[in-house]
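Student: Top to bottom, those sequences are chains A and B.
Residue numbers for the first sequence follow UniProt numbering, beginning at 1 and rising by one.
Residue numbers for the second sequence follow UniProt numbering, beginning at 1 and rising by one.
For glycine and all other residues, C-beta sits at the position ideal for the given N, C-alpha and C.
These figures come from a predicted structure and were not determined experimentally.
There are 2 protein chains.
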Amino acid sequence: MVCWRQHGKLLLPPAFLHNCKRHLTELGMEQSLKQLIGNTNLRRSKPEDYRKLRDIIAAYGRAKMLGSDIQLTQDEYLANQVIMSEKKKEYEKGIMDPTKFAPGYHIFQVLHKIKKSPLFHILTRMPKGGALKTHDTSMCSTEFLIKLTYKKNLWVCTTNKGCRIEEFRFAKEKPSECKFKDGKWQKMEEIREHRGDENVCKYLQIRFSMFPLSSFTNNAQAWRHFMGIFALLDGLTQFAPVWGEYYYNALKEFYADGVQYVETRSLLPQLYCLDGEKLPIRETVQIYYDQMNRFKKEHPEFIGAKLIYAPLRHVTPEDVGTYVKTCTELNKEFPDFLIGFDLVGQEDVGHPLSMFVEQLIKLPPHINFYFHAGHTNWYGSHTDENLIDAVILGTRRIGHGFALTKHPIIMALVKKLNIALELCPVSNQVLQLGTDYRNHPAATLIAKNIPLIISSGNPSFWRASPLSHDFYMAFLGIAPMNADLKFLKRIAKNSIKYSGVEDEEKAAAMSKWKTKWDKWVKDILENEEEMIPKQAE
Amino acid sequence: MVCWRQHGKLLLPPAFLHNCKRHLTELGMEQSLKQLIGNTNLRRSKPEDYRKLRDIIAAYGRAKMLGSDIQLTQDEYLANQVIMSEKKKEYEKGIMDPTKFAPGYHIFQVLHKIKKSPLFHILTRMPKGGALKTHDTSMCSTEFLIKLTYKKNLWVCTTNKGCRIEEFRFAKEKPSECKFKDGKWQKMEEIREHRGDENVCKYLQIRFSMFPLSSFTNNAQAWRHFMGIFALLDGLTQFAPVWGEYYYNALKEFYADGVQYVETRSLLPQLYCLDGEKLPIRETVQIYYDQMNRFKKEHPEFIGAKLIYAPLRHVTPEDVGTYVKTCTELNKEFPDFLIGFDLVGQEDVGHPLSMFVEQLIKLPPHINFYFHAGHTNWYGSHTDENLIDAVILGTRRIGHGFALTKHPIIMALVKKLNIALELCPVSNQVLQLGTDYRNHPAATLIAKNIPLIISSGNPSFWRASPLSHDFYMAFLGIAPMNADLKFLKRIAKNSIKYSGVEDEEKAAAMSKWKTKWDKWVKDILENEEEMIPKQAE
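1. Measuring only between beta-carbons, confirm whether E526(A) sits less than 8 Å from chain B.
2. To the nearest angstrom, how far is the alpha carbon of S495(A) from that of V262(A)?
3. Please classify residue 543(B) as buried or exposed, where buried requires at least 16 neighbouring CB atoms within 10 angstroms.
4. Using only alpha-carbon positions, find the residue among T322(A), K448(A), Y246(A), F334(A) that is nearest to R282(A).
5. What does DSSP give as the partner residue(s) for C157(A) in the beta ladder?
6. Which one of K133(A), K88(A), E301(A), G374(A) has the shortest CA to CA distance from residue 582(A)?
7. Whole angstroms are fine: how far does the CA of E358(B) sit from the CA of P47(A)?
8. Can you pull out the residues from the stretch 314-326 of chain A whose beta carbon lies closer than 7 Å to at least one beta carbon of chain B?
9. Could you check whether the Cβ of H366(B) sits closer than 8 Å to any Cβ belonging to chain A?
10. Let me see if you follow: with CB-CB separation under 8 Å, is M355(A) close to chain B or not?
11. Cα separation between D290(A) and K161(A)?
12. In the DSSP assignment, find the unbroken beta strand (DSSP E) run with V259(B) in it and report its ends.
13. S237(B) to E189(B), Cα distance in whole Å?
14. Could you tell me the distance, in whole angstroms, from the CA atom of Y150(B) to the CA atom of W513(B)?
15. Can you pull the chain A residues whose beta carbon is under 7 Å from the beta carbon of Y472(B), in chain order?
16. What would DSSP say about N174(A), mapped onto helix, strand or coil?
17. Considering only their Cβ atoms, is the gap separating M411(B) from L417(B) smaller than 8 Å?
18. Which residues in chain A have a C-beta closer than 7 Å to the C-beta of N218(B)? List them in chain order.
19. Can you grab the Cα-Cα spacing for the pair E90(B) / P352(B), in whole Å?
20. Please identify the residue among W462(A), V156(A), A222(A) whose C-alpha is closest to the C-alpha of F211(A).
21. Which residue marks the beginning of the alpha helix (DSSP H) containing I419(B), and which one marks its end?
22. On the three-state DSSP scale, how would you describe I453(B)?
23. Taking DSSP as the reference, what is the three-state secondary structure of V501(A)?
24. Does any C-beta atom of chain A lie closer than 8 Å to the C-beta of R54(B)?
25. Tell me the residue span of the alpha helix (DSSP H) that contains K113(B).
26. Measure the alpha-carbon distance for W223(A) versus P175(A) and round it to whole angstroms.
27. DSSP three-state label for G28(B), please.
28. Of all the CB atoms in chain B, is at least one closer than 8 Å to the CB of W520(A)?
29. Are the CB atoms of V501(A) and A509(A) within a distance shorter than 8 Å?
30. Which chain A residues sit within Cβ distance under 7 Å of N377(B)?
31. Can you grab the Cα-Cα spacing for the pair A373(A) / I491(B), in whole Å?
32. Starting from G340(B) and walking both ways along the alpha helix (DSSP H), at which residues does that stretch end?
33. Leaving aside the five residues before and after I303(B) along the sequence, list all residues of the same chain whose C-beta is less than 6 Å from its C-beta, in chain order.
34. Determine the extent of the beta strand (DSSP E) in which G129(A) is found, giving its start and end residues.
35. Measure the CB-CB distance between F311(A) and L343(A) and report whether it falls below 8 Å.
36. Would a check of beta-carbon distances place P352(B) closer than 8 Å to chain A?
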């Protein structure tokens with residue numbers, strides 16, 4: 001081993017820089033760096049040597065970061081300057097006065113402010129590749145949901161003298177049964193007439209999302225509210241004709257936000273018809289499939305969409321056995337569309353994966369697992385240890401994996417086995433896992449270049465854009481100040497690389513994304529003024 | 001390399017468990033684990049094999065954790081059961097209902113609740129070794145500070161028609177100059193007479209701490225408030241006779257909380273006398289030294305105390321040059337007492353270490369650096385990069401190092417070079433770096449067995465115990481559920497191992513701590529009822 005210090009003077013041989021990476025990664029990083037620094041400190045070296053060493057160590061850090069493998073083209077290099085100039089403005093303003101830094105706040109406090117950010121504006125137009133973590137009925141905007149409530153034959157079950165809407169139902173006749181005490185069915189039109197259209201809309205806006213409630217006491221409470229929105233939407237969205245319309249619109253909204261590929265985890269509920277008849281589950285998948293194909297036909301630049309069957313986890317092992325069978329059968333019928341399996345619902349109150357191992361390992365190996373795991377801050381709990389199970393069950397990606405940094409061995413395995421983490425920053429905040437984006441544990445994952453994609457989870461419920469707010473918070477709030485276009489490009493490419501797109505289709509998918517990417521880069525350079533409107537104060 | 005899988009079946013040779021640690025640490029952890037798990041997943045193996053592998057991986061995680069090197073004695077093993085039973089009760093109650101879990105809240109919201117916790121009660125009596133991060137005028141309880149205000153010759157400068165106290169001063173005559181607009185000097189007695197003793201006490205309670213203000217918008221704001229308390233206390237504490245009394249009382253309060261050794265970072269201000277005369281800085285150190293020796297004499301089980309000269313960082317390089325000289329001179333006079341150097345004040349608004357390198361490297365190598373570094377959530381900022389400078393300047397410990405997990409290379413160096421982190425959980429929360437203790441980045445440091453000590457920083461300003469609240473939050477909120485007496489013992493031992501106690505004195509210091517530790521363990525077993533009072537609801 002070369003000796004870097006002699007008589008207290010620091011030696012930096014010319015070949016050193018070149019060999020550094022090899023030293024660090026192959027010859028055992030710690031050994032060589034210890035050699036480099038010596039056993040004590042640099043107080044006897046010259047300031048110039050000190051600065052050289054400091055630069056080298058800082059460069060190492062950057063070289064190991066997510067995105068460091070990307071080489072920018074000349075155009076990208078120039079566009080990067082535009083992007084970084086905007087990012088630095090926000091960052092530096094924030095250091096001077098943290099009240100001006102959006103990622104230091106709850107998304108609900110800054111939703112409107114972010115819309116004025118030139119950086120956000122650029123990210124909105126960025127071709128982001130795929131949104132790999134979305135959930136069936138939390139994809140569309142509140143505005144779209146409200147539009148659905150104007151449809152014919154919609155009944156509403158209210159309690160509290162008509163003041164609280166409990167359930168929706170499409171039906172020719174007034175539904176007879178009611179699961180709520182003192183619940184009364186009324187036509188939606190009647191409520192509108194009685195309460196006034198504007199009031200009803202305002203009311204629904206509040207009921208259809210968690211906005212603006214930023215101050216739950218803890219994540220269990222936030223989860224109760226969150227699950228309540230899903231329950232309220234059931235009758236509205238599970239009406240067979242609406243289900244397809246909802247999905248089509250979701251693809252439309254995501255596409256408009258720069259997304260060319262979508263993977264949706266769905267409970268695959270049985271849909272109902274106007275006469276109350278329930279359709280078999282395969283029809284739910286069929287509707288998804290038809291709408292996806294329709295959308296793809298109408299938008300040739302769209303790559304496609306796939307489903308992950310994701311029933312609720314708060315069930316018995318026998319139930320999971322049934323789910324695994326259903327998944328296997330549906331996959332036979334839709335082999336290139338229904339491609340994976342997961343269990344959803346609040347991990348902390350559901351059952352751990354280890355309880356279902358016997359059933360889970362019966363899933364045919366060509367159907368992938370995309371497990372939620374470690375979506376918790378209870379270190380050492382069953383939920384926390386789901387990370388171990390997800391990895392040794394061979395999951396392809398991990399939903400959230402919020403607790404991963406507390407498990408260095410699992411983190412090393414995730415990297416080695418090339419398992420991607422689905423990071424959903426805004427979701428983590430709204431569901432009260434974290435508050436300030438600057439403290440999100442994904443910063444460590446970025447530093448260690450763990451495979452990562454950014455998704456949104458349930459943007460409908462926080463009235464955020466389909467994907468752009470998550471990109472904004474991750475890029476400005478979680479990643480380091482110097483994370484730039486290389487970081488963004490790696491994240492976008494990862495979303496295709498780690499998607500369920502078949503290997504032989506991946507090149508074509510990447511090429512569809514690349515066309516849009518190159519155009520975006522050009523647009524930044526050519527239409528700078530239009531791309532980056534001056535920030536309104 | 002042994003092949004762990006054959007025809008889809010998992011093979012676990014008998015020697016495997018024995019070899020695991022060697023495999024993981026020496027032969028490259030990732031390689032062997034990848035081999036172990038295979039390239040895809042375990043779906044074709046039997047559930048029993050699955051569970052074996054899972055247990056092995058979980059055991060690895062535990063084996064690498066902070067404290068795993070500790071072997072418990074038979075008595076400790078039994079005491080551990082008592083401790084863990086109390087810990088698990090709080091943990092499990094929390095998972096069921098997070099509103100009952102103290103580390104999920106701001107310390108100010110749960111200060112009273114924690115006092116009823118049997119676990120806290122045990123930790124209060126625990127011999128914790130040393131408190132290595134304390135600051136000169138933020139060590140004593142509010143009650144003690146209020147007592148000081150009853151002393152003779154105390155003048156108070158008020159503004160806002162006497163409603164706001166701006167400054168204290170001990171003097172024979174009414175001070176003539178006043179730095180506050182419309183400020184008026186009055187005798188403290190007069191204010192008491194005029195406003196009522198009880199009202200004045202209530203008012204001072206509020207002014208002398210940050211309690212109960214848990215809702216600052218950001219950490220810059222919290223810091224302004226924080227620094228304001230220091231400024232207010234200057235006139236009260238820098239009166240020469242009070243300075244010594246304050247320090248003696250601090251040692252007394254820490255000792256009562258299970259602390260046998262104290263290191264204090266001090267600005268070393270020039271103290272003043274009743275006639276306004278200012279003493280030279282060496283007198284400040286002399287007073288410290290005399291009080292420490294007096295305390296040691298009166299408490300033979302006390303190990304001792306040392307000083308780290310820590311002036312404010314918001315200065316010019318020339319100023320730092322002067323500080324370094326002062327430090328060198330004072331160290332000559334108090335070689336076994338004033339042992340180190342640091343720069344303090346809010347890192348984000350001060351200057352980075354790199355600005356002072358030329359001056360800092362002039363400090364004689366036998367005087368250690370104990371730098372604050374990375375006390376920020378601005379990833380990629382100068383403050384964040386202070387971590388690099390602190391390490392290559394050869395710091396012995398790092399104050400806070402909150403951002404360390406974002407710098408994997410520095411983290412590896414810190415471990416290799418045996419630099420200890422000073423973790424101050426409550427301080428991080430009150431100064432708004434984090435909210436929920438369960439998300440504190442130190443969880444990763446614990447998992448990776450980075451050298452760690454727990455200290456309190458400025459407990460006076462949050463009305464917490466000298467050290468016990470920090471131990472409680474770290475043990476219950478940051479460390480994993482299964483962190484037990486081994487963890488606590490390692491942390492206590494670390495506080496002597498990484499202290500500034502001379503190597504040849506360390507065995508004696510450790511022995512003083514050990515005597516108390518063994519007694520505490522016995523007390524847990526023998527006086528269980530007294531040690532662990534039933535929790536009042």
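Tutor: From the atom records:
1. As a working note, residue 526(A) is residue 526 in the first sequence. Chain B, which has no Cβ nearer than 8 Å to the Cβ of E526(A), makes this no.
2. As a position in the first sequence, residue 495(A) is number 495, starting the count at 1. As a position in the first sequence, residue 262(A) is number 262, starting the count at 1. The alpha-carbon atoms of S495(A) and V262(A) are separated by roughly 10 Å.
3. Outside the shown range of chain B (1 to 537) lies residue 543(B), about which nothing can therefore be said.
4. In the first sequence, residue 282(A) corresponds to position 282, counting from 1. Checked all of T322(A), K448(A), Y246(A), F334(A); the closest Cα to R282(A) is F334(A).
5. Sequence index remark: in the first sequence, residue 157(A) carries index 157 (1-based). In the DSSP output, where bridge partners are listed per residue, C157(A) has E167(A), W185(A).
6. A query on residue 582(A) cannot be resolved here, the shown segment of chain A reaching from 1 to 537 and no further.
7. Within the first sequence, the letter at position 47 stands for residue 47(A). Within the second sequence, the letter at position 358 stands for residue 358(B). P47(A) and E358(B): Cα-Cα distance of roughly 6 Å.
8. none
9. Position 366 of the second sequence, counted from the start, is the residue given in the question as residue 366(B). Chain A contact via Cβ: absent.
10. Counting from one through the first sequence, the residue named residue 355(A) turns up at place 355. No, M355(A) does not count as interfacial toward chain B.
11. Counted from its first residue, the first sequence places residue 290(A) at position 290. Counted from its first residue, the first sequence places residue 161(A) at position 161. About 41 Å.
12. Numbered from its first residue, the second sequence carries residue 259(B) at position 259. Its beta strand (DSSP E) spans residues 259-266.
13. Residue mapping note: residue 237(B) aligns to position 237 of the second sequence, counting from 1. Residue mapping note: residue 189(B) aligns to position 189 of the second sequence, counting from 1. Per the sequence presented here, residue 237(B) reads as Thr, with Ser not at that position. Those two C-alpha atoms are separated by around 18 Å.
14. Indexing the second sequence from 1 puts residue 150(B) at position 150. Indexing the second sequence from 1 puts residue 513(B) at position 513. For Y150(B) and W513(B), the distance between alpha carbons rounds to 36 Å.
15. Stepping through the second sequence from its first residue, residue 472(B) is reached at position 472. The contacting residues do not exist; Y472(B) stays about 16 Å from chain A at best.
16. To locate residue 174(A), count along the first sequence from 1; it is residue 174. The amino acid occupying residue 174(A) in the given sequence is Lys; Asn does not appear at that position. Three-state DSSP puts K174(A) in coil, outside helix and strand.
17. Numbered from 1 along the second sequence, position 417 holds the residue referred to as residue 417(B). Numbered from 1 along the second sequence, position 411 holds the residue referred to as residue 411(B). No, these two residues do not count as a Cβ contact at 8 Å.
18. Start at 1 with the first residue of the second sequence, and residue 218(B) comes out as number 218. Here the neighbours are P98, T99, G104.
19. The residue you call residue 90(B) lines up with position 90 of the second sequence. The residue you call residue 352(B) lines up with position 352 of the second sequence. Between E90(B) and P352(B), the C-alpha separation is close to 41 Å.
20. Here residue 211(A) refers to the residue found at position 211 of the first sequence. The shortest Cα separation from F211(A) among W462(A), V156(A), A222(A) belongs to W462(A).
21. Position 419 of the second sequence, counted from the start, is the residue given in the question as residue 419(B). Premise fails: I419(B) is in no alpha helix (DSSP H) and is neither H nor E.
22. For this step, residue 453(B) is matched to residue 453 along the second sequence. In the structure shown, I453(B) sits in a strand (DSSP, three-state: E or B).
23. Indexing the first sequence from 1 puts residue 501(A) at position 501. The answer is coil: DSSP assigns V501(A) none of H, G, I, E or B.
24. One-based indexing of the second sequence puts residue 54(B) at position 54. Yes, contact with chain A.
25. The sequence position of residue 113(B) within the second sequence is 113, counting from 1. That run of the alpha helix (DSSP H) goes 107-115.
26. As a working note, residue 223(A) is residue 223 in the first sequence. As a working note, residue 175(A) is residue 175 in the first sequence. About 30 Å.
27. Taking the second sequence and counting its residues from 1, one reaches residue 28(B) at position 28. With a pLDDT of only 44 at G28(B), under the threshold of 50, the placement of this residue in the model should not be trusted, and no figure is reported.
28. What you label residue 520(A) is simply residue 520 of the first sequence in a count that begins at 1. Not one chain B Cβ lies under 8 Å of W520(A).
29. In the first sequence, counting from the first residue as 1, residue 509(A) sits at position 509. In the first sequence, counting from the first residue as 1, residue 501(A) sits at position 501. Their beta carbons are under 8 Å apart, which means A509(A) touches V501(A) by this criterion.
30. Here residue 377(B) refers to the residue found at position 377 of the second sequence. In chain order: D436, R438, N439.
31. By one-based count along the first sequence, residue 373(A) stands at place 373. By one-based count along the second sequence, residue 491(B) stands at place 491. So the alpha carbons of these two residues sit roughly 30 Å apart.
32. Along the second sequence, one-based indexing puts residue 340(B) at 340. Segment 338-341 is the beta strand (DSSP E) holding G340(B); no alpha helix (DSSP H) there.
33. Residue mapping note: residue 303(B) aligns to position 303 of the second sequence, counting from 1. Answer for I303(B): Q260, Y261, A509, K512, listed in chain order.
34. Taking the first residue of the first sequence as 1, we reach residue 129(A) at position 129. First-last of the beta strand (DSSP E) with G129(A): 129-135.
35. Residue numbering aside, residue 311(A) sits at position 311 when the first sequence is read from its first letter. Residue numbering aside, residue 343(A) sits at position 343 when the first sequence is read from its first letter. One detail in the question is off: residue 311(A) reads as Pro in this sequence, not Phe. Result yes, Cβ atoms of P311(A) and L343(A) sit closer than 8 Å.
36. Counted from its first residue, the second sequence places residue 352(B) at position 352. False, the Cβ-Cβ gap to chain A never drops below 8 Å.
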